[in-house]
Structure formats: C-alpha cells, structure tokens
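Chains as they are written, first to last, in my numbering: chain W, 1 to 217; chain P, 1001 to 1232.
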Amino acid sequence: MSVLPNQQEQITADTFLRGLWQENPVFVMLLGLCPVLAVTNSTMNAIAMGLATTFVLVASSTLVSLLRKAIPKQVRIATYIIIIATFVTMVDYLIQAISLDLYNALGAFIQLIVANCVILGRAEAYASKQKVGAAVVNAFGMGAGFTIALLCLGTVRELLGAGTILGFQIFSANFEPWVVMILPPGGFFVLGAWLLLFEYLKQRKERKLPNAEGATS
Amino acid sequence: MSSTDQAQLQNPLQPQTPSFAMLRTLGGIAMLAGFLVVMVFQWTKPIIEENKRIAIEKAIFKVVPGAASRKNFVLSAAGLFPAETPDAQGETIYAAYDANGELQGVALEAAATGYQDVIRILYGYSPACQCVTGIKVLKMAETPGLGYKIAFDPAFLENFVALDGKLNNDKSGLENNIVAVKHGNKSQPWQVDSISGATISSKAIARMINDSGQRMFPLIAKHLSEMQGGRE
C-alpha cells in the first residue's frame, strides 16, 4: 500500500517493510542500478556500499524531514543535493578511516552515492512530506532493501566468479571460476535472473489469488 | 479564476516565495554542510594518514625482504635529500634497513598505463645484487581474472624476486632493458615472463620498471653511501 502525496502516514511495520519488499528500490523500482551493477562483484563490497548508502539515506531523510517546512519549493532540489553531498563526503572520509583497501575497492562509487536516485527520490517523494519518525523508519527500510538487493547480487557473483563468499573458499579447488560473473556483464546476468525470479513469484501469487477467492465464494 | 491566478498563469516564473527565504535556506544549509564536513575531516585526518603510513610501510617491507625500518628520501639529478627537506624536488624513495641498520634495499614507485587505467606499483631494488627484489601493485583497474593477476599470480611475481637491473659500464643506465616476453619464453634474467591473456598488463609492469630503473638506478648507485649512513 503506497502513501498518497501530502498525506501524513502513521508509523506501522509497513512503513519499514515496504522498502524491503513491495517497494524494494532495486528489484521493484529499479532505481540506483549503477552502483548495484558496478560494486557487487564481491560480498564485502556489496555490504559496504549498502551500509554507506543506508547511512546517507537515513541521515539525509532525517534532515530533509526536519527542515521540510523551512525549505522553499523553488530551491528544494538544490537543498536536497547539498544535504546528500554533505553526508556522502562524510561517509567518504569515514570509509578511508576504516579501511583503505575497502575504499580502493569501492573506487568512485562512494562519491557517486550523491547521484543515487533512491536517495533523492526518498527525499522528494517521502521525507519532504512526512514527520521525522516516519521518514527515518521509511529510510531505514529502503536502505535495508537496497543492502539486501546488493547482497543478493554480491554473494551470487562472488560465489560463481571466484568460488568464495566473503573471501572464504566455498567450492573446491577444482572449481573453475566464471570470470564473467565478476566482470560488468555478470552484474546484468545476475540482476536479470533475480528479476525473473521475483516476477515469477509475483505472477504465481496473482494466479493463485483469484482461484482462492473463487473457492471461498 | 481570480486575478492573481491569472497573473501567475501569465508569468509562471514570478516568485511566490521571497528571495530572502531561499537565500536563508541555501545559505544555512551550506553552512551546516561545511561545518559537518570539516568536523569529520578533522576527526578522520590523523586516522587516514596513519592508515596510509601503515599501508606504505607494509608494501615497502614486502618488496624489500629483510627490511625492518625505513627512511624516506627525495632523489633527483640534483642530489639526495631527506624527505623532510623543504623545497626538495624529485621522486620520493624509501630506503629500507634491516634490524642491524644495514641498507637492504630501496623501494621506489613506478607507474604506466595498463589495459584500462594507470597502474601504480611499488618495487624494491637491491643495490647489492643490482636487481629488483619484489613488486606490489598499489593501484590498478585491470580486468578481474586477467590483467588483475599481475598483483597475485605467484608465477608472475616470481619474475621480480631477482630481476636483473645491472648498470652499464659508464653507470648512466641499465645494461639490458627490462622487457616483457611472451609467456614461457623467458631466457634472460632481465626478462619478464608475461601472463598469458594479460600481455598488456604484463608489458606495462616491465615498461614502468625499465623507465624508472633507467632513471633512478644510476642515481641510487651514486648516492649509495649517503643512504647507507642515512639511517636513524
């Protein structure tokens, strides 16, 4: 159930869970696909990117929601971008402080979180209209949904492309890695496979629903 | 339709919000942004510098076997200066010493264009055997599974355990150019056996070591005694 514009939402479990499933930013809305395809060649990169994006999403949604009455609508996009860029810069320094190897692995994609449409989309479509509590919960849900989606791609790509998960050997030494999975085309293959699976599940549910209704009436 | 609505329709760009409100918002947000960024920058700066120092130190000790301490110098045709010297121009080199303070080797940085982007490496040079003693890739964007192997492939790294870097007779350059040869065709100690499927990346490594060596090895030989006595 989506929220109508300009309608204040009561915080329910759904506020959080929508981002995980019904409105999953990657698998349902197909937003922010650039980092999804680019940095998911290993599980660790996927986790780091997901957490970094979640932090920026939650922090910027909080600030946008707090300032929603003070931001004139003519300058709202500019304001959102400044807010998002600030948090992205902070994440950039923090990741360098945590691990330089991780920072090098993620490359330019940390800075490119600024341009991630999931975050700007949340600020514009949700946080700018809702109270802080709802905005934070919703941002956490979306961030978790984004992180899970990255993990779905990252684990499969690392497993097939290198035979490992988080660096631990899963397949035996005889396993010949599918290098293509680590390369950019692998991102498209795996994303396509996941979308196929979710679409199949959705259609199966829809097929079952009328049957069930017919049985009860 | 009221007259104000009509006026807005005729001139949709007419501001409905006073400019002051926009300036106040943008200015206020920008100040807050500046404050937050500077705060995090100040807080993480020493940690990031420490991380970088550890990363460089680890790389130096890896490419110069037996090293236990190091000292940074700036080396150019003008001479050898400790890295702390103000206005010293030239390349930064890292002299590495063993536990007894004997010079074990020198770590140098080199870079060349690989398959996709510039590859940057740190490599060790031993003046005693006049050879390269190890390499460590600092930065690359090579293809995973192919060019990427230059950093990890044990057989390829074996090339750089004692890669010949002898100076010529008048000590102005190398006696033999360090070159990459086709996989399995290495016959001379100054040749680098390429990884099959990653020829461009392998050649880039050989080329950058050769360029750097032609320029730096004679200078290192010239200032060897200063480095030997330069330890702390």
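Just so it is clear, CB atoms sit at the ideal spot from N, CA and C, and this is done for glycine as well.
Interface residues of chain P facing residue i [CB-CB closer than 9 Å]
i, result
"Leu100(W)", "Ile1048, Asn1051, Lys1052, Ile1054, Ala1055"
Close beta carbons around residue i, own chain, < 7 Å, minus the five adjacent residues each side
i, result
"Ser42(W)", "Gly154, Glu158"
"Leu1036(P)", "none"
"Ala1033(P)", "none"
"Asn164(W)", "The residue you asked about is not Asn; residue 164(W) is Thr in the sequence shown. Cβ within range, chain order: Glu158, Ile170."
"Gln111(W)", "Val88, Asp92"
"Met142(W)", "Gly19, Pro25, Leu57, Val118, Arg122"
"Leu51(W)", "Thr147"
Spatial neighbours of residue i in its chain, beta-carbon cut-off 6 Å, leaving aside the 5 residues before and after
i, result
"Pro1160(P)", "Reading off the sequence shown, one finds Phe at residue 1160(P), where the question assumed Pro. Contacts found: Val1132, Gly1134, Ile1135."
"Gly1197(P)", "Leu1146"
"Ala1206(P)", "Ile1178, Val1179, Ala1180, Val1192"
"Gln1228(P)", "Leu1103"
"Asp1164(P)", "Cys1131, Pro1189, Trp1190"
"Ala127(W)", "Ser61, Val64, Ser65, Ala135"
"Ala1067(P)", "Phe1061, Ala1096, Gln1104"
"Leu1219(P)", "Leu1075"
Proximal residues of chain W, C-beta to C-beta of residue i below 7 Å
i, result
"Met1031(P)", "Under the 7 Å cutoff, chain W gives no residues; its nearest Cβ is about 10 Å from Met1031(P)."
"Leu1026(P)", "Val75, Ala78, Thr79"
"Phe1041(P)", "Tyr93"
Minimum Cβ-Cβ distance from residue i to chain W less than 8 Å
i, result
"Met1022(P)", "yes"
"Leu1036(P)", "yes"
"Lys1139(P)", "yes"
"Glu1232(P)", "Any reading at Glu1232(P) must be qualified, since the residue scores a pLDDT of 48, below 50, and its modelled position is unreliable; the value itself is stated next. Closer than 8 Å: no."
"Thr1017(P)", "yes"
"Thr1044(P)", "yes"
"Pro1154(P)", "no"
Contacting residues, own chain, Cβ-Cβ under 8 Å from residue i (five flanking each side not counted)
i, result
"Ala85(W)", "Val114"
"Lys1186(P)", "Asn1159, Val1192, Asp1193"
"Leu1138(P)", "Ala1059, Glu1109, Arg1120, Ile1121, Leu1122"
"Phe188(W)", "Leu37"
Per-residue contacts from residue i into chain P (C-beta, under 7 Å)
i, result
"Asn45(W)", "Under the 7 Å cutoff, chain P gives no residues; its nearest Cβ is about 12 Å from Asn45(W)."
"Met90(W)", "Leu1036, Val1037, Val1040"
C-beta neighbour in chain P for residue i, strict 8 Å
i, result
"Gln96(W)", "yes"
"Ile83(W)", "yes"
"Pro35(W)", "no"
"Lys70(W)", "Lys is not the amino acid found at residue 70(W); the sequence shown has Ala there. So yes, Ala70(W) belongs to the interface."
"Asn174(W)", "no"
"Thr86(W)", "yes"
"Asn116(W)", "no"
Interface partners of residue i on chain P, CB under 8 Å
i, result
"Asn104(W)", "Lys1139"
Chain-ordered chain W contacts of residue i [CB-CB under 9 Å]
i, result
"Pro1144(P)", "Asn41, Gly161, Ala162, Val179, Ile182, Leu183"
Mind listing which residues of the stretch 178-191 of chain W have their C-beta closer than 8 Å to chain P's C-betas, in chain order?
Val179, Ile182, Leu183
When Cβ atoms are compared, which residues of the stretch 1193-1206 of chain P fall closer than 7 Å to chain W?
none
Runs of alpha helix (DSSP H) lying entirely within the stretch 83-169 of chain W, each at least 4 residues, in chain order:
100-106, 117-122, 132-162
Could you please tell me which residues of the stretch 38-63 of chain W, in chain order, have their CB closer than 9 Å to any CB of chain P?
Asn41, Leu63
Enumerate, from N- to C-terminal direction, the unbroken beta strand (DSSP E) stretches of 3 or more residues contained entirely within the stretch 4-83 of chain W.
none
Mind checking the stretch 1097-1119 of chain P against chain W and listing, in chain order, the residues whose C-beta falls within less than 8 Å of any C-beta there?
none
Start-end ranges of the beta strand (DSSP E) lying completely within the stretch 1119-1196 of chain P, minimum 3 residues
1131-1139, 1179-1181, 1191-1193
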